[in-house]
Structure formats: structure tokens, C-alpha cells
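Protein chains in written order, with my numbering: chain A, 1 to 368; chain B, 369 to 736; chain C, 737 to 1104; chain D, 1105 to 1472. All residues carry an ideal CB built from backbone N, CA and C; glycine is no exception. For reference, the structure discussed in these notes is given below.
4 protein chains.
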Amino acid sequence: MKNTFGNSVAVTLFGESHGEYIGAVIDGLAPGVEINREYISHMLTLRRPEGKISTQRSEKDEFKIISGVINDLTTGTPITVLIPNENVKSGDYSQMKTIARPSHADYSAECKYHGYQDSRGGGHFSGRITAALVAAGAICKYALEKKGIHIGTHVKKCAGVSDREFCDLLWDIKSLNEKKFAVLNENTEDKMKEAILEAAEDGDSVGGILETAVVGMPSGVGEPWFDSLEGMLSHMMFSIPAVKGIEFGAGFAFADMKGSEANDPMRIAGDKVYTVTNNNGGINGGITNGMPVIFRTVIKPTPTIFKPQDTINFKTMTEEVLEAKGRHDPAIVHRARVVQDAATAIVMCDVLAARFGTDFIIVSEKKD
Amino acid sequence: MKNTFGNSVAVTLFGESHGEYIGAVIDGLAPGVEINREYISHMLTLRRPEGKISTQRSEKDEFKIISGVINDLTTGTPITVLIPNENVKSGDYSQMKTIARPSHADYSAECKYHGYQDSRGGGHFSGRITAALVAAGAICKYALEKKGIHIGTHVKKCAGVSDREFCDLLWDIKSLNEKKFAVLNENTEDKMKEAILEAAEDGDSVGGILETAVVGMPSGVGEPWFDSLEGMLSHMMFSIPAVKGIEFGAGFAFADMKGSEANDPMRIAGDKVYTVTNNNGGINGGITNGMPVIFRTVIKPTPTIFKPQDTINFKTMTEEVLEAKGRHDPAIVHRARVVQDAATAIVMCDVLAARFGTDFIIVSEKKD
Amino acid sequence: MKNTFGNSVAVTLFGESHGEYIGAVIDGLAPGVEINREYISHMLTLRRPEGKISTQRSEKDEFKIISGVINDLTTGTPITVLIPNENVKSGDYSQMKTIARPSHADYSAECKYHGYQDSRGGGHFSGRITAALVAAGAICKYALEKKGIHIGTHVKKCAGVSDREFCDLLWDIKSLNEKKFAVLNENTEDKMKEAILEAAEDGDSVGGILETAVVGMPSGVGEPWFDSLEGMLSHMMFSIPAVKGIEFGAGFAFADMKGSEANDPMRIAGDKVYTVTNNNGGINGGITNGMPVIFRTVIKPTPTIFKPQDTINFKTMTEEVLEAKGRHDPAIVHRARVVQDAATAIVMCDVLAARFGTDFIIVSEKKD
Amino acid sequence: MKNTFGNSVAVTLFGESHGEYIGAVIDGLAPGVEINREYISHMLTLRRPEGKISTQRSEKDEFKIISGVINDLTTGTPITVLIPNENVKSGDYSQMKTIARPSHADYSAECKYHGYQDSRGGGHFSGRITAALVAAGAICKYALEKKGIHIGTHVKKCAGVSDREFCDLLWDIKSLNEKKFAVLNENTEDKMKEAILEAAEDGDSVGGILETAVVGMPSGVGEPWFDSLEGMLSHMMFSIPAVKGIEFGAGFAFADMKGSEANDPMRIAGDKVYTVTNNNGGINGGITNGMPVIFRTVIKPTPTIFKPQDTINFKTMTEEVLEAKGRHDPAIVHRARVVQDAATAIVMCDVLAARFGTDFIIVSEKKD
């Protein structure tokens, strides 16, 4: 479905970097879900570039909700969020129109859209569009919190600097959700920022790893085979620009483990089943087992750098050397983190509604 | 859609480990595609357990095609493949019915299916069902080969032993597709098998990494955002039991790279654009760029081991120690490899048909 | 999705008239739903040709369920029903291969499948495939009955003879479901049969109207806009070969009504809302209102007749006169009726599961 | 998918009668398709109420396209159309909030949305939302015209007055597309309007029948079984508020026909196959046969009338007598006609893109 994701709760994304608005439509969310505008704004703030470690493009992200909400409660019909694009400098990009920026989508887009694509600021491929995804996901994330389901993401690694492991999950998640730069060990923040700045000063960029935890998901959600929860989450996460890998639980470390190390021993506490370790990241056979859902994505270094690069002009079919100008992020991993939160929330709402029906998410008291 | 995957070419999977048949329906494949039964048998043979490094359950996998094919040419309507289950020993599993095997789907399935699930041999969750996926994928893979699109997967790593890198891709792929144990460096085969056997003798199991290459995909296939080719492929790959991670191109190594190292410089050779490196694994912005599509998955160690394990009885809600019996694989990575080939072929047929229309795959000359 | 219908409960159809099996996969039906094999057989019997008013092709329709069911209870995973084709006489059709039978799909199929289609007995287009739809729908229909939702269809009109209106709905439905020839006024049966036979003796065929009632659907099920319950039901009903129209409630009679006649006055009885008339057929704004769902379809006369017909040979591109031979139905309206029941049951299970979650349909007591 | 329709070309609808904007997202339309703003405006004008035979709510329908279009050419990514709501008088409706208007969606919406629905002016159920569908469909319809596919709809019957039959189809279609009140026989216009006014003066409303013709569809488009072209078109048409029935070709008249009358004799003219009659409405076995696609829908009388009506208050659960006030249409059949054109165009783009690939619709010359 291209720009629509989900069955029971579906999100449709639209917009371009330099268009009038970007936006998202959320369809299938229960009626009566509270819309917390401050919460949405807060998540948009977390995504917004800030300081020298991000692009100097500054956006206010003043979203408006033009359908599906009355008196800050969802009606049950499609919710549309619009975010105006401001601070647009198309001039910066105009000369690049037919010169492919390496590792960007310029050339693959040309092959698909035959020159009709919007190339201003990356057009529909721009990370800018994730602001709409964040707004949509913020609505879902807030609804899940009211149901006791909490999502948090930290920068596990960036520019060679690693954060500490998750520890007390619920506490960690809540603390992350307050932070602009989401690391668990506060000492790592400055080290990462320094390393990013160092790369930036060298005209270069860095990548990193994001780790997401979801606490409170009921067991028995997901599907065997194609619509495994891993399949659904991964499908969504690869929508986030620059994500090039995803792993659940122990992930790629499984390759070097024995079954006797990898298997999660099971125990009972009161009336609740749990596992001593969580190498499976809360999912067995595509279905939640009641343990926290844990996954990591890798974010490639921002493709735009200020060093000269060998590339091509796909119109003249000549080889060129590109020297980029404009406003760019030397790292996006710290900004992508809130996109990952939002995207996770959308998938969780979808699979929960599939399992428990349309009304599952209803949070608010019936209004008069 | 649970057990159906794909939009333009869709596959539906069904069956249980100890049912009468497992099977798959392929819908949307072009008419006139040649069915090469030997090719399908060959792929089923590659999946089949053999020797001491696999389960001793032996299956002939004598598939039959009961719809959608006449005179070994597709009709364009749904193709149904059935594979009878033979050599079924349900007795081996009966005692486990309410004792969850750690890191298997037993407990999560219980939470979803409330005790109605088929627990004989893993039921619908069994790796056995992948035989049907292989048969369906074999049809797609053969059709793609006729169009010059080649898919191959090797065991990149198993039990701590690593294979060499892909080198001459087309040659490597063709050689892999002939091998029962798919490694590029033939010296690694014995080392891996030894390491697997060692684990097996210890009652343990091992995991590994599979690497897949697709050569010949036209550029401009895939979608930005949700239906990125990475999203589609990952969604599918997590259907393969035991896959817990996937990465494209440089994958998780991107975390430690600079943009200047990570970006793929672009060049022109004749009328063709190529990149000097392929860190993006042939995909930019979710869309093919004409370079080979490269991805790796991690396969967790087979959860069934013969060491005692702490677990629970979810009916009596008591803690138990499980000592497994029966036939099991100390490793499945070498068998999963052909499943990954098949699954990849299905996704590629789907995205190609979406891009170029229903008839794209037509291979055969019009029959009289 | 071509041969797959439904989101929450999905059915995939496959097979050809003269293939080895036809079949259906039902995915998403709750676990623990009782499979009543006699009930399925009964519905297959109602579809089966009998006497001189139907084709002389005789099928036993000995279905088997090869996945998704254990001890006659659904497991919650895909249920696959197979029905073997017997009594196949391909010879009867061989000469027609490139001569299009007027008002059949021969020519349109040729345009889509380029000569690769299975033309034996209509191939994938044959009404024979509806046997698989009936088997799948029978499982759904029985599950719905256990939840107090009843579906029945009568031959409202055939060969110019009209049946009486629905009256006491639940009683009428139950009586229809026992009848081989489903009319409410038993006097009409003989008249219709006579009229059908008269047409048959003349080498001709007749059409008719089917009316379906669904009692017991909860209110609040369906969607505004695209996935209106009318939209979902109509989408499904046009899958039934020969259906060329559908109308809900007053249907086409609305064209000649005033709003003051057409509107359904609302009343309250106890704690239940009802409408005095049911011109809207139980659906307002695409969503059930708690009144019975009522719709009618028109079945065109069977295209195969024994009179000479002007047609074409699409291979030689010459005009021809066709004189059909073989076994055919002078009317199918009385057989299509149970297909309509089955198709309705599938749609209702789908929309109910979407609304109330996967487990909604669970009927049986938890097994030991 | 609730508010999203289509696979290859998908449309998502959002908005409410009294919200800030209504809108639609079109996803999957080829790049390079020309956007003719006058054409869109013209279609919106045809939908707009005018004179005494429609509601006195007056809208300018000044649409804006906020994504997916540059220099009036589609980019190939999601196209979003917004239409601001103006002239909103919510006061007129406020008292009705818990009193169900008979034959409206008020009560069924209450059952689904539990009181959270937007009830101002019908909210998301309002016919107002069809303006967004018209804008989206206008883009598709214009693109189809450039490919030689023409769609037109006339008021076949309204308030007891009938229009003439289609005759010279292409000519008729072109003439209809210029008319505000779409009848083929110009004499009928005044008679229909008079009859509508007469009903209006009596505080009543009328229904009617719309007939749509599509000329130029290639043969071989559509699917057997579930995604028959009839199934797809009907699914879409029931999205149009007040549509309660649809029939293709001879439609319900088939019930009284013999096969020998109903079958369409086939002929050859040059290298083209045609049928002498078109009782099948251009579709056999769910697939186009190259003849014009013809179908009719019935539009029920506008439910809002000014006569007192028996109804209920669903909050207090008391019976009430409703005397409606406000602005309403005594007939909507003449306005719904352009919605039907638009909806048809969307479905045709979807099935054509499925058949021939993403680029099929490309119309424009490659831009510089």
C-alpha cells in the first residue's frame, strides 16, 4: 500500500520537504482517545534539530489536526495532522537536480519517477516527512501509555560512543522520554556530541544504533508467519530514512550463541509467567510472550557530507564531483530516536486493535 | 493479512507439522510462466534434513500442484502446491502439550489460541511449513532466472566459523544454488559441520548468519516510506522461523562508519550507472538503484536442545524442568538458507509485478 | 488481492473445474470454533445439482480439511478445505478452446491470460469453484449461528415466478436452510421448476433474483465510506458467477419513493431501538443499525444454451456459429442461493472480527 | 482498510462536514500525469448545490493540492487535496445531537463511536466529504481521458421522470460532462427539476437512478472471483452516501430474461472483437471484454425532510417526533452523478495500474 501502513489502525503519510504542508492520516484508532497536544508538541520538539549537531533548518512544527478530533477526543474517524513547512530555502538544492547525491535516493527516484520527482530538499524522501510520522505516532503513544504500555528509545551507540544497557526498564523509558538527547548514561551525551561535532567540523557525518523497549504489551499479540510482530515492526522501521538494519532481543549476537545460552528460561511469579533472560526480545513465533519487546536499528551516517564526492549527472550521463552546500545533519541518530518511538507506537496500536477489536484503545470516560 | 503476503503477487501459507498436507497458494503470478518440477524438487532437497547435522525426520517432499498450472505453464490464476506430511511421530511430542519449550512459540501460542493450537511437532509454527514456502518460492525464483534475475544465499557464519565474502556475484550465486551446504569457501563446510556436530553431541545447538544476494534487479523498483524494498523484504524474512535480525548492505557496521566511508561513489560504465562500493545493498530510499541487493539475516540457535531447561507448565502454572526428546536440528542455518532464497524470490516477484504490471514475468513463448 | 477476500477473516480461493482439487483457505477465524462436518456437507448438498433443472454433472463433494482443525475445533491458524473434482469429462469442452462462448468469460480471459488459461470446463471461472466457497462459508455460518446470527436466502424470483416476501424472519431463515429448493411459499417451487424445465426443453436458460436476510447482527458494525458493510457485501457477492446486480433494503425501488415513504421511523421496545420499516436493509452510513440486514442479487440466465449462437474464434479471428453440447444448468439461481449464504457468512465474520477482535467468534468451551 | 480504497492506486478520505478541511490522498498514481486545475474546478462545480433543488449551503470548494504535484505534473508520490469548509452553521444541528434522524447514520454511528462521533452536519458521514472524492477522482478522470478512456454519468431517473437511453456513447459522455444537470434528453431536465421542487415544497425529498458509461477500457482488465471489476466498482460505489443498489449491463432485468435473449452475440470488425448487445455491461467473469462498461446505481431519497418524523433520542432512550430545520437537498441524485464519475475514475486507475504497472497512466511528455 505504498504510503499507507497497517490494517486495523492504518497511517497514510504525505508531503515533501519544500511543499506547503506535510501530514499524516491515522485511520482506525478508537473513538474517545484523548489528544494531548502538549505531548505531541513535546515529541515534535524531541525530533527538531537543535544546536550544532543538527541541521540549521529550524522548524516550529506547529501542527494542526484538521479531522477526526473534537474537544481533544478522537471521534473514531480518520485523524489528519498537518504540519506547515517553514524556513524553506529551495535555492540551496536547485543545482543538484540532476546530480545524484551519493547514498541518497536521487538516482533511484529518477529511475522510478522519470524526472517528475520533487527534488527540492529531498522532496518526498526527505527526513522532514518524519515530523508527520512523529505527530501521528505521538497520538498512538499517548493512548498506549494510558493503557499501561510504555515505549522508549535510546541512542545505544553513536560515533563510536556506546550508552549503557537498559536496566530498570520502566524507569529508563520514562527518563528517556523527557530527554532531548536520549542516552541512559548521562556521561555519554557529551562524548557523543563531541564526536558528532568533530565529524561535522571535518565535513563528515556519523551513524549509530537505536534501541527501543516496549513495556506492558499483553501476551498473545501478533501472528505466526507473515504478520509476525517482528515482521510488522521491521516493515515499519525501514520506513525511517537511514535505517539499514533491525534486530530483536539478542539479535545478531545469536550467531555466536549456543542454544543453551540463547534460550530464555521460564519462571512463574504469582500468576504471571516471565523469562529469566529476554534474548527473544519479548516475541516467540511472531507473538508477544508478555516480556518487554526489545529491538535495535542501525542508522547509517547522514549521506550529505561536505567533502567532495564522485557521482554522476543522470541527465547528461556524465561523471561529476559533488561538493554539497546547504544545511545538513552531521548525525540524525539522536533525532531519529523519537521517530522510532512514534513508529513503534503506530504498529502496536495496529496489532492490538487487530487482536482486541476497534474499541480496545478507548481511554477516556464517556463524554456527556 | 496474517498468512498471506504480498499485493501484486501474494502467497498464502497453511498447514501444520503433523497435518495431512502443508501447502501454499501463489496468486497473481503471470500466465505462461514455466514450471520446472526438477527445479522445485531440487530446492526442496536443499531444505531437507540430511546427515547428523539435521533432524532425523526424513521427508520426501513429494509436492503436487493442484491448481493454476497446465502442461507445466502457469495459467495466471492461483497456483496451489501441496506437500504431504510423512514420517510423522506425534508420540514424541504429546507429553509436552502444556509444558512450554523455552524460546519456542508454545507459551505465546497458548496466550493467543487459548489451548486450541495444534501442538503436535510445533503445529503451524513448525519449520516444516517452510517446505511449502520453498516450493512456492522455487516457482518464483525460476521465473526470475529466466528474466535474468538471480538469487543466492550462503551461510556467512555458523557456530563461530565464517565463510568468505561474496566476490564474483553471479558466479557465486550459481555455485551456491548447486550446493547442499551453501558456503563460498569450500573449506569452511567441514569446519562448520564439525562445530555443529560438536554442539549436537553436547545436546546443544548453534545459530548463524545468512547472506543473500540478488543480481539483475532493474533500478526504480520499490517505494519510499512504508513499502520500501527493505521493509517488504524484512517483513517477509521475519516469517522464517528463528530469524531475529536483518541488515542491508553494510548493515550494523554503518554504526561505526563515517559518511565519507559509508557513501557509495557513483560512476558510469557505458550507459549504465553503478556504484564503486555497495554499502547500501542496492537500495536507496526504499528503491532499487540497479546494484545487487544484498542483505543478511541472523538465525538464532535451534531452541530445542537436550540439556535440562527451566520452564513452566502453563496449564498447571507450575515450574518444571524440561528434558527434550525426539528428532531435532542442532542447527538450521544451512537449511534456512534455501527458505531465504525462496522468500526473496516471492518478494521480488511481488514488487516487480507492482511496478511493471501483471504480465512482466511472462517467460514462455505463447503456446499453440 | 485477487483471490483473497477480507482483512480480519480472509478467504483465499483456488482451483479449476477439471483440476484435481478445488479449495479454500480461511485465515483469521478464532480458535475454538466448532467444525460441524454434517453442517458443511448439508450446505454442499444444497449447492449440488439435482434433477433435470440442473447440470447432469454429479459430484460427491467429499471435502477434507487439511489444516487448522483438530478434534473438530479450529486452532486459530489457517483452515484449508479441499474438495476433489470427480466426474470430469474434459472431452466435452476441448473443441471450444478458442471459440468464445457468448456471455462467458472465455474471451475476456483470453485477453488477460493470453491463451494460457485453463479452458476445460470453464477452468478457474467455473461455478464449480463455488463449492469451495460454500465449504468455507459453512464453517463461518455455523459459527455465527452459535452466536445467534442467522443467515438465509430464498429464490425471490425465477423464470418469471415470484416467491412471497420474508415474513417471520427467523422462522423463514430456519425453514429455508432445510430446503433444497429455497422458496418461502412452497407452491412456487413447482411453478418455478416447471418454468425452468420448459426453458431447458427449449435449449434455453433462465435467470432470477436471490434475497438474503441476516438476523442478529449487532449494531455498530461496518465502516463509513469505503468499507461500508454494503461495500464489503457487494464486493463479495459479485464474486458469485452470474451475479450482475445487488440492492439493499428497498434497493432500486427507492428511485420512485419520497423521503417520507423511504425513511424508517424509529421506535424503542424495552432497551432496544428498532425501526418500523426496514427500507435501509439494516445498514445506515455503512454501519449496522441492529435491524436485519436484507439484500437481493440478480442472477443472469446461465450463458450456456443449446440454441445456435453467433460468436467468434479468437485464435483464427473468424466469426462462428456455436452449438453447445455437454452438461449444463438451465438455471443456477436455486443453486447459487447457498453460495450467497456462504459468502455472506464470510463477510460477516470478517467485519465482526474487525470490530470485536480475533476472539469474538469463539464458541466452544475451552477444551481440556 | 476503512477510509482507504485501492491497491495499486489508493485513495484515502478524511474530514467532517464542519471541520476545517476535508481532503483526500491519492497514492500510486504515475508520475508525469498532468493536473488540470480547471478540470478539477469544473467537476467540483458540477457537484456544488445550486438553485432551489439543492441545499442552500454554498461552498466555493477552493481546493488546494499540498503534496505530490509540481508545476501541475504529478511527482508519483502521494497527492493530497484539501478543500476548506466554509459557510458552516453548526448551530443548525446542535439540538439534534442525540436525536437520531431517521435513515441517517446518527444511530448506527452512535453504536460504533459511543457518543464521540462528530455530529455537526453529519460529521464524517456528511455528503460534504464527497467533494474531496470528486477532486481526487477528477485528477484520475482527466488522466484517463488523455489515454482515451472516457467516463460519463446521467440521471437516468429522478422523481418518476426518466431520461433517454445512452445512444452514441462517446458523444453522450462528452455532452454530459459539460452539463450541470446531467440528462441526455434535455426535455427531461425541466420535468425532473419541477418534480424535485414539488417534493421540496411539500417538505419532502426524492430519489433516483444514475447510469454510468466508461468507453475505451482495454479488454483483459479485472480479476476472476473476489477482485472482479464489478466487485471493485460496487465496493467503491457504495461509499457514495445514499447509494443502495448497483447493477451492471442488463442488471435486474436479467431476472426476466432467457439466456437466448441475455447472451451477447459476438462479432468481429477489422481486428476488433465486439458484441452486438452489451447486456453484460462490458464485463465477463469479472474482466473487461473491450465493450463499454455500463452500470447503474440507485440513490435513495435524501433522508432529511421537513415533515414530522417518529424517531428516538438515543441518550435518553425516549421516543421523539423530529421536525428538521436547516439547509438540505430535496434531491441529491443530480449532484451525486459527478461523485459517481469521480469514484469510477479512481477504480479504473487502480485496476489499470494493477494490470499494466505503475507507469501505465503516464501522459505527459518528459519535462526538461
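If we call anything under 7 Å between Cβ atoms a contact, is Gly987 of chain C one with Val1069 of chain C?
-> Result no, Cβ atoms of Gly987 of chain C and Val1069 of chain C do not sit closer than 7 Å.
Length of the line joining the Cα atoms of Val641 of chain B and Leu441 of chain B | 36 Å
Mind checking whether Leu933 of chain C and Asp899 of chain C have CB atoms under 7 Å apart?
-> no
Starting from the C-beta of Ala1286 of chain D, find all residues in its chain whose C-beta is less than 6 Å away, skip the five residues before and the five after it, and write them out in chain order.
-> His1258, Val1259, Leu1280, Arg1441
Enumerate in chain order the residues of its own chain whose CB-to-CB distance from Val465 of chain B is below 7 Å, with the five nearest sequence positions on each side excluded.
-> Note that residue 465 of chain B corresponds to Lys in the displayed sequence, not to Val. So the list reads Ser487, once near-sequence residues are dropped.
Residue closest to Thr580 of chain B, alpha-carbon to alpha-carbon, out of B:Tyr389, B:Gly650, B:Val574 | B:Gly650
Run the CB neighbour count on Ala269 of chain A, radius 10 Å, all protein chains shown included, and call it buried at 16 or more, exposed below.
-> Under a 10 Å Cβ-count criterion, Ala269 of chain A is classified as exposed, with fewer than 16 other Cβ atoms of the shown protein chains found around its own Cβ.
Identify whether Ser1171 of chain D lies in helix, strand or coil by the three-state DSSP scheme.
-> strand
For Cys1453 of chain D, which beta-bridge partners are listed by DSSP?
-> Answer is none; Cys1453 of chain D lacks a bridge partner.
Going along chain C in order, which residues have a C-beta closer than 8 Å to the C-beta of Arg1441 of chain D?
-> None at all; the shortest Cβ gap to chain C is about 14 Å.
Which of the residues in the segment 950 to 978 of chain C, read from start to end, lie with their CB under 7 Å from any CB of chain B?
-> none
Can you grab the Cα-Cα spacing for the pair Ser376 of chain B / Lys315 of chain A, in whole Å?
-> 31 Å
So what does DSSP say about Glu247 of chain A, is it helix, strand or coil?
-> strand
The segment 375 to 396 of chain B: which residues have C-beta closer than 8 Å to a C-beta of chain D, in chain order?
-> Asn375, Ser376
Check Gly28 of chain A in the structure and name its three-state DSSP category.
-> coil
Please determine, among D:Ala1263, D:Ile1403, D:Gly1363, D:Thr1462, the residue with the shortest C-alpha to C-alpha distance to Met1341 of chain D.
-> D:Ile1403
Anything in the segment 1280 to 1305 of chain D with a Cβ closer than 8 Å to a Cβ of chain C? List those residues in chain order, please.
-> Listed in sequence order: Ala1303.
Have a look at the DSSP bridge pairing and note the partners of Glu1423 of chain D.
-> D:Ile1416
Thr372 of chain B bridges to which residues according to DSSP?
-> According to DSSP, Thr372 of chain B bridges with B:Thr380.
What in chain D is Cβ-close to Arg783 of chain C, meaning under 8 Å?
-> Neighbours of Arg783 of chain C on chain D: none; closest Cβ ~16 Å, over 8 Å.
Using the C-alpha atoms, what's the distance from Gly286 of chain A back to Phe1255 of chain D?
-> Rather than Phe, the amino acid found at residue 1255 of chain D in this sequence is Ile. Cα to Cα, Ile1255 of chain D sits roughly 46 Å from Gly286 of chain A.
Is the Cβ of Phe1092 of chain C closer than 7 Å to any Cβ of chain A?
-> Closer than 7 Å to some Cβ of chain A, the Cβ of Phe1092 of chain C qualifies, so yes.
Per DSSP, cross-strand counterpart(s) of Ser530 of chain B | DSSP output for Ser530 of chain B lists B:Lys525 as bridge partner(s).
Straight-line CA distance for Leu1123 of chain D to Ser67 of chain A?
-> Correcting the residue identity first, residue 1123 of chain D is Gly in this sequence and not Leu. Whole-angstrom Cα-Cα distance: 6 Å.
Taking just the CA atoms, how far does Val161 of chain A sit from Asn187 of chain A?
-> The straight-line gap separating the alpha-carbon atoms of Asn187 of chain A and Val161 of chain A is approximately 11 Å.
Through-space distance from Ala1114 of chain D to Gly1335 of chain D, alpha-carbon basis | 16 Å
Mark Lys60 of chain A as exposed unless 16 or more other C-beta atoms lie within 10 angstroms of its C-beta, in which case mark it buried.
-> exposed
Name the chain C residues that come within less than 7 Å of Tyr475 of chain B, Cβ to Cβ?
-> Per Cβ cutoff of 7 Å: no residues; Tyr475 of chain B is ~15 Å from chain C at best.
Rank B:Val502, B:Asp727, B:Ile421, B:Val583 by C-alpha distance to the C-alpha of Lys559 of chain B and give the top, closest one.
-> B:Ile421
What does Arg296 of chain A pair with, by DSSP beta-bridge criteria?
-> A:Glu211, A:Glu247
Element boundaries [alpha helix (DSSP H), containing Tyr274 of chain A] = From DSSP, Tyr274 of chain A is part of no alpha helix (DSSP H) but of the beta strand (DSSP E) over 272 to 275.
Leaving out the 5 sequence neighbours to the left and right, which residues in its chain are closer than 7 Å to Asn3 of chain A when beta-carbon positions are compared?
-> Thr12, Leu13, Phe14
Burial state of Val1425 of chain D, where buried means 16 or more other Cβ atoms lie within 10 Å | Around the beta carbon of Val1425 of chain D, fewer than 16 other beta carbons sit within 10 angstroms, so the residue counts as exposed.
Pick from A:Thr358, A:Val347, A:Ile362, A:Arg355 that is closest to Val134 of chain A, judged by C-alpha positions | A:Val347
Between Pro1206 of chain D and Asn999 of chain C, is the Cβ-Cβ spacing less than 7 Å?
-> Yes, the pair counts as a contact, with Cβ atoms nearer than the cut-off.
Excluding sequence positions up to five away, which residues of its chain have a Cβ less than 6 Å from the Cβ of Pro785 of chain C?
-> Thr791
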